Every structure is written in structure tokens, then in C-alpha cells.
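As C-alpha cells, the structure follows; a few thoughts come after it.
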Amino acid sequence: MKIELAGIPFDHFQRYATAASVLRTFGTSARVLEVGANRQRLLGEFLPDSELLYTDVLNEDGAPDFVVADARELPFGDRSYDAVVSLDVLEHIPPEGRYRAVEEMCRVAARVLVIGCPIDQPWVHEAEHAAHAVWRRYFDEAYPWLEEHQEFGLVEPARVEAALTASGMSCVRFGHGDARLWVTLMGMHFVKEAIPELAGVVASADRYYNTAMFEGDRGDECYREFFVGVRNGADLESIRSAAVLNGAPDAAGAALLAGLSDALLPLVARLRRAESEWQDTAQALADTEKRLQDAAMDRHKTGVDAQAATREALVQLEYAKKQWESTARALADTENRLQLEASLRHQQGVDAQNAASQALAQLEYANDQWQQTARLLADAERRMQAEALAHHETGLQLRDVAEREVALRALSDGLSKDLEAAERADACYRDQLNALSARIKGLERRQRIALVLFCVGLFGTAIAFLTIGA
387 MKIELAGIPF DHFQRYATAA SVLRTFGTSA RVLEVGANRQ RLLGEFLPDS
437 ELLYTDVLNE DGAPDFVVAD ARELPFGDRS YDAVVSLDVL EHIPPEGRYR
487 AVEEMCRVAA RVLVIGCPID QPWVHEAEHA AHAVWRRYFD EAYPWLEEHQ
537 EFGLVEPARV EAALTASGMS CVRFGHGDAR LWVTLMGMHF VKEAIPELAG
587 VVASADRYYN TAMFEGDRGD ECYREFFVGV RNGADLESIR SAAVLNGAPD
637 AAGAALLAGL SDALLPLVAR LRRAESEWQD TAQALADTEK RLQDAAMDRH
687 KTGVDAQAAT REALVQLEYA KKQWESTARA LADTENRLQL EASLRHQQGV
737 DAQNAASQAL AQLEYANDQW QQTARLLADA ERRMQAEALA HHETGLQLRD
787 VAEREVALRA LSDGLSKDLE AAERADACYR DQLNALSARI KGLERRQRIA
837 LVLFCVGLFG TAIAFLTIGA
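For any residue, its number in the working numbering is found by taking its place in the sequence shown, counting from 1, and adding 386.
Written out as C-alpha cells, the structure is:
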């Protein structure tokens, strides 16, 4: 697919258009070798009638017109190509092999060698430093190609010219690309990398430079230096007719591009601030949304935990209720048994009291009978004593009375023993009654304690349930 050359980045156009302008002075059918072509391989677009072969240390896409080769050891015969071109390559070769590469390119070139590169001059260092500062303003890393310039150092122009002359070539040197304008345009490209929406503006600036300003973009302090080595005087004279060496400078165009860049950079800065503030706002919203989600999850988890705690509390409450009911039934059974025992013991006590009362009544009655009998005996004894001498029959009566007295005394002794037994039974009853009363009081106290402990446990469970629910 054919490329619209006027629309390519200005920095590429500067290199290839300058080399093509020089080579066109030698005709249009030359065999050209480009050393260090990288992946652009644009030189053939500027020289469509020439035969091109490209080399570099890597062949990224396996193109058939590409040969993997090291510039310091080119695999080609002496003077095997009409022209050899190397653009922005020497500064990427370590210094110890850099000028060996120049010698190799001189060896392979039959008519002309074109080398273009930034050289070791103060204004070039300043331009690269300024462009690098723009890049670092938007990115946290170094720009790789400019970083490699610093690592290997820029090209020493005297040593390149010396290598050309040592190989028998005449050298023509000229600068191209005003360093200040290069910083302006390169800075716009770096800003475009940070803000892709500016691609259309930067492309318009490139097109304006490529079509209106390129040929006249020369001066005393150029970013790129070109070294053209030729083997005969006729070719040397042809080079001087190259359009790139004869274009008129366009100061107004340079001012226009500089003004565009000056106006663009503050706008970009404001856009970056707005974007940063938007990102901060978006992040704050995201953080807020996450906090709300976390809070919702916490509330959901708390609700689930509360439900689980409620279910557990209900289970515990149900268990406590069953335990309380079981305890209440046990206490009721115990109370019933105690009441029954108390009733039985009370009835037994009443019966014992009744029996004792009856025994006492019988004893009192017997005692009364005995006292009456004693009085009768006393009266009889007195009568008997009074009548003993008079009546013989009284002796028999006295014997009967004596026998009766003995019987009465025996009855009195039996009643005394019965009275003692009744008194002991009454004492035993009173002891049992007291013991039963004490036991009933102990059971009542235990019942009250059990009820108090159960109420305390039930109250603690209710408090725990209310705490979990809150």
C-alpha cells in the first residue's frame, strides 16, 4: 500500500526526504543499500525507481528485501552498491565500534555514502534535553531513543569526516532541521502520545512542515548533520544542486508552528489537570461506592448474624422454657409429695394426739376411780378397824378388800406405765413434727432459690438477645 509521504511524522520526513533529495541528483535507477533501516523502511517510498535493500540487526517481519547485518561487519563486497545510506544510526552504536561502521559503509559504497545523525554540539544536547523534559512531564519513564543517545554519546563530526576522507571520498557537510523548531515539533509529538485526541492537530502540523517548510529548514544550529561522501568531482557538483540545499527558509512558518505549540501546551496542561481531577473524582466515587457496598455487605452480614443469633436465642429460650417447665413440674411434684407427707404426718400426729388424749382421759378416769376407791378403802379400813373386834365376818370382808386393793394397785401401776408410754409417744410425735416442719421449710427455701436462679438466667438470656438484635 502506497504511503502518503506528506503525512508522515516530520522527523522521519526530515531524514528520508533529505537523503532522497541528494540521491536524486545521481539519477533514478541506482542500487541503494540502507544500513540500520529499522522497521520503517521508508527510503524506497521516496526513491520508487531505485532498487533498495535494507539491513539491521533484527528482521522483525521477515521481509524479502531485508538482510540481517551488523553495520560494523557488512556482508557485502567492496563497492557493491551505488549508494549507501545511514540515517540516525551512528548515535545508537557504541563509540568503540561507531567509526568502524563508517569505514564499512565507505567500503561498500561505489559512488556515494549519505550519513545523517545528531552530532555532539551544545545546541543539540539542549534540544534533546528540552524534548526529553516534555516527555517526562507526561510519562514516568525515559524516552528510550533519547536515553540511548545519553548512554552512548552523540556523534563526533570530525571523526566521521576523517573516516570518509581516509577511504578516498570527498565529503560535503550540511545541517538540516533547526534545533529550536525540532524541539517544538517533537514536543507536540510527545504531548500527542500522552493525549491521543491531539493526533489530528499534530498530523496537520507535520503536513504543513513537510509540504511548506522542509526544504528551507536550515540554519547555523541544526539538530541533524548530513555527511555526503562522493568518489568523483562530477558527483560532488551534482550534490550542490540538490533541492534540500537550495530551499528558501520560512521564518513565518516556523513562527506559526512555534505559536501553535505555545498555545497547545497550556491547553494540554489544563486538560491534564481536568483529567486528573476527574480521575480523582472518579476514584472518590469508586471509593464511596465500594464503601457503600462494604457497608451493605456488613449490614447484610450483621442481619444474617442477628437472624442466626435470634434463632439461637429462640432455641436457647425454648430449651430454657422446657427446663423451667421440667423444673416447675419437678417442684410441683415435690411440693405435692411434701404436702401429702405433711398431711399424712399431720394425720398421724392428730391420731397420736387423739390416742394420747384418750389414754390420758382413761388414765385420769382410772386415777379418779383409784382415788375414789382409795377413799372407800380408807373408809372401809376405818370401819373395819372399828368393827374388827365385833364381827368375825368382817375378817372375810377384809380379806376380799385386801385382794381388791392389790388388784387396784396393779391396775394403777398399769395405768402409770400407759401414761408414761403416751407421754413418750407424744414427745416422739412432737420431734417428728418439728423435723417435718424443718424439712418443709428447707424444701420451700430450695424452691425459692431455684425459681430465683431460673429467673436470673432467663433475664440474662433476654438481655443477650436484645444486645445481639441491636
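No residue lacks a Cβ here, since even glycine has one placed at the ideal position from N, Cα and C.
Quick caveat: nothing in here was measured; it's all calculated off a predicted structure.
Could you give the distance in angstroms between the alpha-carbon of residue i and the alpha-carbon of residue j?
i, j, result
"Lys708", "Gln725", "25 Å"
"Val443", "Val454", "5 Å"
"Gly828", "Ala796", "48 Å"
"Glu547", "Gly554", "11 Å"
"Ala745", "Leu805", "Low confidence applies here, because Ala745 scores a pLDDT of 47, under 50, leaving its location unreliable and the question unanswered by this model."
"Met572", "Tyr594", "14 Å"
"Ala392", "Ala589", "10 Å"
"Ala549", "Ser415", "27 Å"
"Gln679", "Asp691", "18 Å"
"Gln507", "Thr441", "28 Å"
"Gly448", "Glu437", "18 Å"
"Ile389", "Pro395", "12 Å"
"Asp799", "Gln818", "29 Å"
"Ser466", "Ala552", "19 Å"
"Glu611", "Val500", "11 Å"
"Ala670", "Ser662", "12 Å"
"Ala628", "Arg401", "14 Å"
"Leu784", "Glu809", "Residue confidence for Leu784 is low, a pLDDT of 47 falling below 50, so the modelled location carries little weight; the figure read from the coordinates is stated next. Going from the Cα of Leu784 to the Cα of Glu809 covers about 37 Å."
"His562", "His398", "13 Å"
"Gly483", "Arg659", "46 Å"
"Arg617", "Ala496", "8 Å"
"Ala681", "Ala668", "19 Å"
"Ala672", "Trp664", "12 Å"
"Ala694", "Tyr705", "16 Å"
"Gln702", "Glu711", "14 Å"
"Cys814", "Leu822", "12 Å"
"Lys676", "Met683", "10 Å"
"Ala807", "Arg816", "14 Å"
"Val792", "Ser802", "15 Å"
"Arg360", "Arg697", "The structure shown has nothing for residue 360, since the chain only spans 387 to 856."
"Tyr485", "Glu623", "26 Å"
"Ala655", "Gly602", "32 Å"
"Ile854", "Thr674", "28 Å"
"Arg768", "Asp754", "21 Å"
"Ala824", "Leu839", "22 Å"
"Arg831", "Asp719", "16 Å"
"Asp666", "Phe525", "18 Å"
"Gly413", "Arg626", "14 Å"
"Ala516", "Ala641", "18 Å"
"Asp812", "Asn820", "12 Å"
"Leu657", "Asn596", "28 Å"
"Ala649", "Glu583", "16 Å"
So, under 8 Å CB-CB, residue i and residue j are touching, yes? Tell me the CB distance rounded to an integer number of Å.
i, j, result
"Gly502", "Leu473", "5 Å"
"Ala487", "Arg458", "5 Å"
"Glu489", "Leu540", "Not quite, the Cβ-Cβ distance comes to about 19 Å (not below 8 Å), so this is no contact."
"Glu514", "Leu532", "5 Å"
In terms of residues, what are the limits of the beta strand (DSSP E) holding residue i?
i, result
"Asp468", "Tyr467 to Leu473"
"Leu499", "Ala495 to Pro504"
"Val453", "Phe452 to Val454"
So, residue i versus residue j, is the Cβ gap smaller than 9 Å?
i, j, result
"Val421", "Met491", "yes"
"Lys578", "Val569", "no"
"Leu631", "Ser407", "yes"
"Ile581", "Glu542", "no"
"Pro450", "Phe538", "no"
"Asp621", "Thr411", "yes"
"Leu651", "Ala591", "no"
"Asp564", "Glu607", "yes"
"Val912", "Ala519", "Absent from the model: residue 912. The displayed extent of the chain is 387 to 856, so no value can be given."
"Arg493", "Asp464", "yes"
"Glu446", "Arg417", "no"
"Tyr529", "Phe576", "yes"
"Leu646", "Met599", "no"
"Leu419", "Val475", "no"
"Arg604", "Gly639", "no"
"Leu433", "Leu409", "yes"
"Phe560", "Val614", "yes"
"Ala423", "Phe452", "yes"
What residue does the alpha helix (DSSP H) around residue i start on, and which one ends it?
i, result
"Gln614", "For the record, residue 614 in the displayed sequence is Val; it is not Gln. Where Val614 is concerned, there is no enclosing alpha helix (DSSP H), although the beta strand (DSSP E) it sits in stretches over Cys608 to Val616."
"Val520", "Pro508 to Tyr524"
"Gly619", "Gly619 to Ile625"
Could you tell me which uninterrupted alpha helix (DSSP H) segments, each at least 4 residues in length, are contained entirely in the stretch 387 to 438, listed from first to last along the chain?
Taken in chain order, the whole alpha helix (DSSP H) runs of length 4 or more contained in the stretch 387 to 438 are 396 to 409 and 429 to 432.
For the stretch 532 to 601, list the beta strand (DSSP E) runs that are entirely contained and at least 3 residues long, ordered along the chain.
Runs of the beta strand (DSSP E) inside the stretch 532 to 601: 556 to 564.
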